[in-house]
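Here's the structure we're looking at; comments come further down.
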DNA sequence: ACAATTTCTGAAATCGTTTTCAGGCAAGGT
DNA sequence: ACCTTGCCTGAAAACGATTTCAGAAATTGT
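Protein chains in written order, with my numbering: chain A, 153 to 498; chain B, 153 to 498.
Below, the structure is given as structure tokens:
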């Protein structure tokens with residue numbers, strides 16, 4: 153019933169507590185065999201609480217994300233866990249629901265229970281990273297930066313470049329009336345994807361009405377509403393770049409509801425791939441990125457930072473994204489003279 | 153730099169350690185105010201390790217699932233976490249990758265670190281639940297039973313009924329050649345969904361060749377291969393019930409690759425809904441269930457079991473499922489009479 | 001004002017480990 | 001034989017909280 157302690161093992165094996173402890177930690181010990189037997193017999197497992205108390209290490213790592221239900225974060229969790237599985241750290245998971253307040257709570261709570269933290273802050277002016285730094289908890293940020301506070305190890309992707317190449321792709325088909333459904337602008341991905349969109353347009357000297365930027369807040373409903381507004385415009389866009397996966401679902405639903413056809417009436421390109429993208433009709437062209445890898449890398453950086461307590465310079469890694477072309481983009485319908493077709497598609 | 157201890161607080165407030173502890177736990181104490189001040193000043197947070205050691209409680213709960221990347225389990229995690237967020241327990245998350253061996257490892261590891269565990273076992277003859285029972289860790293099983301061992305609190309859904317009504321739906325359109333892509337048969341959902349399928353057919357006295365049951369192992373690739381085999385049959389089915397979400401993706405990809413049309417050539421019904429289902433072409437008819445709710449309920453049951461150490465009878469809850477009809481099912485195209493060829497195989 | 005209560009306090013024991021610390025015992029050198 | 005090394009060992013002191021216990025202070029009743 154009650155869990156055996158190291159003292160029970162010592163007694164059973166006829167040696168002292170210290171000897172058992174030493175053997176378990178790997179020291180050479182005469183009674184090794186007997187101890188192993190006793191451990192097996194009693195099914196002894198050392199108490200993590202006692203070990204933490206003595207060592208100051210918890211053997212745990214926190215992983216704080218806005219929402220596990222988002223396939224991207226689910227993948228990050230999986231990637232992070234795959235690394236941790238080897239090295240004997242366990243993962244505390246927490247959702248923040250994209251709320252700064254909730255994030256503060258969970259961070260405060262987890263602070264003392266872990267040796268390090270992987271954090272995807274809800275917004276860029278979020279105090280959590282600073283709090284973690286103050287508390288001396290090794291931290292690496294995922295997908296979102298914390299520019300307001302000091303530097304942190306960070307694993308980002310090339311949001312700007314990704315958005316830019318998405319828009320370039322649209323431009324290459326001859327589109328000029330290119331709109332975007334943006335995320336929350338005070339988050340790193342939201343900000344840079346929007347800037348990338350603008351940069352691409354600017355470099356082609358294209359100016360667009362402000363209505364062509366709709367804020368969808370990274371939520372499905374926001375994507376739906378944004379697309380509805382977009383299509384209700386007196387002079388609607390011929391192509392849209394949607395800045396994340398969940399908003400894309402909403403946007404496509406709106407498109408379907410209204411009866412607009414892709415890509416004939418409207419070209420669509422999304423950000424972040426999904427198994428479903430391939431079986432949509434038409435299959436969705438997206439900006440893709442190594443999601444699990446992003447989580448795995450972040451975890452590796454965290455573990456390294458945790459062991460090397462050396463004051464390493466903080467690292468900022470930016471992963472490449474990739475355009476995977478499917479069939480949701482094509483030339484604008486009313487193109488003056490079907491002229492500028494590049495990657496012609498059925 | 154170094155975290156303050158309760159002794160630091162005591163010293164700062166000019167009282168004894170015991171007094172501080174008492175105040176923090178809610179006792180009436182004269183120096184209350186001064187202690188609060190000291191706590192705030194030093195930013196004191198009690199050490200969870202020390203508290204656990206003394207109390208025997210860890211304040212943590214484990215959540216072990218086959219794969220967070222599966223939207224269903226992601227939803228379960230979210231549901232569970234939403235409950236826990238109130239009551240001050242933190243969640244350890246672990247993936248087992250559907251492997252019994254891996255599950256044994258993580259369970260063994262987590263065993264000592266938590267006050268209770270939510271577990272979706274990889275298979276039905278998995279020793280983990282028994283191990284947990286032996287160790288005296290309150291456990292509730294999610295979505296999958298452990299019939300081989302004793303009774304456990306369990307939160308299931310009506311797999312049998314769901315599968316059955318899926319097939320009935322197909323039957324109501326006049327289909328007779330109804331196939332299924334099943335999951336792993338030694339898991340609860342796999343087994344019962346298959347049985348439900350068979351029961352529906354049996355109750356209409358329909359007999360089908362064994363090829364009409366393909367095992368997809370709950371994986372996308374399995375769904376793809378299964379569907380390929382199905383469509384290559386000399387006398388293929390006119391309707392298919394796919395037993396989970398990921399296999400459905402694979403199956404739909406196969407269908408798309410081959411060029412079969414839904415629902416004209418083949419009706420398809422899936423198990424478990426997804427935001428994408430609605431924007432497929434045609435929108436997918438599915439058996440739906442309250443996913444987050446399932447996780448939330450399981451967590452509530454676990455917490456209750458953890459507090460009421462009373463030896464309550466173990467509860468087995470079965471949640472209802474619901475058919476949400478969209479447009480992937482229709483009448484069979486050619487209803488050839490007497491087309492019931494048996495055991496035809498290349 | 002004094003005794004009988006009640007409330008509050010601090011010292012110390014405890015939880016289960018790890019880690020000094022001072023030896024014990026065997027081997028090796030002279 | 002004796003002394004020096006070198007391994008291994010067990011007792012005991014941490015780690016940071018909670019809780020028992022006995023006693024001090026404050027409150028009450030008469």
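Even for Gly, the Cβ is constructed at its ideal location relative to N, Cα and C. Fair warning: this is a prediction, and the values are worked out from it, not measured in the lab.
*Option nearest residue 256(B) by Cα separation, candidates 438(B), 278(B), 265(B), 363(B)*: Of the candidates 438(B), 278(B), 265(B), 363(B), the one whose C-alpha sits nearest the C-alpha of residue 256(B) is 278(B).
*Name, going along the chain, the residues of the segment 212 to 227 of chain B whose beta-carbon falls closer than 9 Å to a beta-carbon of chain A.*
Within the segment 212 to 227 of chain B, the residues whose Cβ lies closer than 9 Å to some Cβ of chain A are 212, 214, 215, 219, 220, 221, 222, 223, 225, 226, 227, listed in chain order.
*Rounded to a whole number of angstroms, what is the C-alpha to C-alpha distance between residue 413(A) and residue 404(B)?*
Each residue's alpha carbon lies about 21 Å from the other.
_Residues that DSSP places opposite residue 268(B) in a beta bridge_ = For residue 268(B), which the question treats as bridged, DSSP gives the partners 213(B).
*Do you know how far the Cα of residue 267(A) is from the Cα of residue 165(B)?*
If I take the Cα positions, the gap works out to 29 Å.
*Within its chain, find whatever has a CB closer than 6 Å to the CB of residue 290(B); leave out the 5 residues flanking it on each side and keep chain order.*
Cβ contact annotation for residue 290(B) (same chain, cutoff 6 Å, sequence separation greater than five): 268, 457, 458, in chain order.
*Determine whether the Cβ of residue 396(A) lies closer than 8 Å to any Cβ atom of chain B.*
It does not; no Cβ of chain B falls within 8 Å.
*Based on the DSSP secondary-structure assignment, which residues constitute the bridge partners of residue 474(B)?*
440(B).
*Answer with yes or no whether the minimum CB distance from residue 146(B) to chain A is below 8 Å.*
Given a span of 153 to 498 for chain B in the structure shown, any question on residue 146(B) remains unanswerable.
*Please classify residue 165(A): does DSSP put it in a helix, a strand, or coil?*
Note: residue 165(A) maps to helix in three-state DSSP.
_chain A contact for residue 185(B) (CB, 8 Å cutoff)_ = Taking Cβ atoms only, chain A never reaches closer than 8 Å to residue 185(B), which makes this a no.
*Which of the three DSSP states, helix, strand or coil, is assigned to residue 305(A)?*
Three-state DSSP puts residue 305(A) in a strand.
*Just the C-alpha distance for residue 155(B) and residue 476(A), rounded to the nearest angstrom, thanks.*
Cα to Cα, the separation comes out at about 49 Å.
*Assign residue 136(A) to one of three DSSP states: helix, strand, or coil.*
This structure does not reach residue 136(A), given that chain A is present from 153 up to 498, and the question cannot be answered.
*Compare the C-alpha of residue 252(A) against each of 227(A), 217(A), 204(A), 264(A) and name the closest.*
Of the candidates 227(A), 217(A), 204(A), 264(A), the one whose C-alpha sits nearest the C-alpha of residue 252(A) is 217(A).
_Nonlocal neighbours in the same chain, by C-beta distance under 7 Å from residue 487(B), ignoring five residues either side_ = With a pLDDT of 47 at residue 487(B), under the threshold of 50, the predicted position of this residue should be treated as unreliable, and no value is reported.
*Beta-carbon of residue 229(B) versus every beta-carbon of chain A: anything under 8 Å?*
Yes - at least one Cβ of chain A is within 8 Å of the one on residue 229(B).
*Are the C-beta of residue 417(B) and some C-beta of chain A separated by less than 8 Å?*
Residue 417(B) has a beta carbon lying at 8 Å or more from every beta carbon in chain A.
*Going along the chain, which residues of its own chain have a beta-carbon closer than 6 Å to the beta-carbon of residue 175(B), five neighbours each way excluded?*
Contacts found: 181, 184, 187.
*Under 8 Å, do residue 447(B) and residue 239(B) count as touching if we go by C-beta distance?*
No. Outside cutoff.
*Through-space distance from residue 282(B) to residue 163(A), alpha-carbon basis*: If I take the Cα positions, the gap works out to 28 Å.
*Going by the C-beta, is residue 323(B) closer than 7 Å to any heavy atom of the ligand PLP?*
The ligand PLP is not part of this structure, which contains no ligands at all.
*asked:* Here's the rule I'm using: 16 or more other beta-carbon atoms within 10 Å means buried, otherwise exposed. How should residue 159(B) be labelled?
replied: Around the C-beta of residue 159(B), fewer than 16 other C-beta atoms lie within 10 Å, and the residue is accordingly described as exposed.
_Measuring straight from C-alpha to C-alpha, what distance separates residue 275(A) and residue 367(A)?_
Residue 275(A) and residue 367(A) have their alpha carbons spaced roughly 15 Å apart.
*Using a C-beta to C-beta distance shorter than 8 Å, which residues of chain A count as neighbours of residue 357(B)?*
Chain A residues near residue 357(B): none, gap ~35 Å exceeds 8 Å.
*Just checking, does the segment 321 to 338 of chain B make contact with the segment 390 to 407 of chain B on the three C-beta pairs under 8 Å criterion?*
Yes, the segment 321 to 338 of chain B touches the segment 390 to 407 of chain B.
*Which residues, in order along the segment 251 to 269 of chain B, keep a beta-carbon less than 9 Å from a beta-carbon of chain A?*
Residues of the segment 251 to 269 of chain B that bring their beta carbon within less than 9 Å of a beta carbon in chain A comprise 254, 257, 258, 260, 261, 262, 263, 264, 265, in sequence order.
_When you compare the CB of residue 201(B) with every CB in chain A, is at least one pair closer than 8 Å?_
Yes, contact with chain A.
_DSSP three-state assignment for residue 480(A), whether helix, strand or coil_ = If DSSP states are grouped into helix, strand and coil, residue 480(A) belongs with coil.
*Where are the beta strand (DSSP E) runs, 3 residues long or more, that stay fully inside the segment 365 to 404 of chain A, in chain order?*
Here the runs fully enclosed are 365 to 367, 391 to 394.
*Is the Cβ-Cβ distance between residue 419(B) and residue 481(B) less than 8 Å?*
With respect to the 8 Å criterion, residue 419(B) and residue 481(B) are classified as neighbours on the basis of their beta carbons.
*asked:* Any C-beta of chain A within less than 7 Å: which residues of the segment 429 to 457 of chain B qualify?
replied: With the criterion set as a beta carbon lying under 7 Å from some beta carbon of chain A, the members of the segment 429 to 457 of chain B are 430, 431, 432, 433, in sequence order.
*Hey, how far is the Cα of residue 424(B) from the Cα of residue 381(A)?*
Between residue 424(B) and residue 381(A), the C-alpha separation is close to 31 Å.
*Under the rule that 16 or more other beta-carbon atoms within 10 Å means buried, what is residue 280(A), buried or exposed?*
Its Cβ being crowded by 16 or more others within 10 Å, residue 280(A) is buried.
*asked:* I'd like to know if residue 477(A) contacts chain B, where contact means its C-beta is closer than 8 Å to some C-beta of that chain.
replied: Not a single C-beta of chain B is nearer than 8 Å to the C-beta of residue 477(A).
_Opposing strand residues paired with residue 419(A) [DSSP bridges]_ = DSSP output for residue 419(A) lists 391(A) as bridge partner(s).
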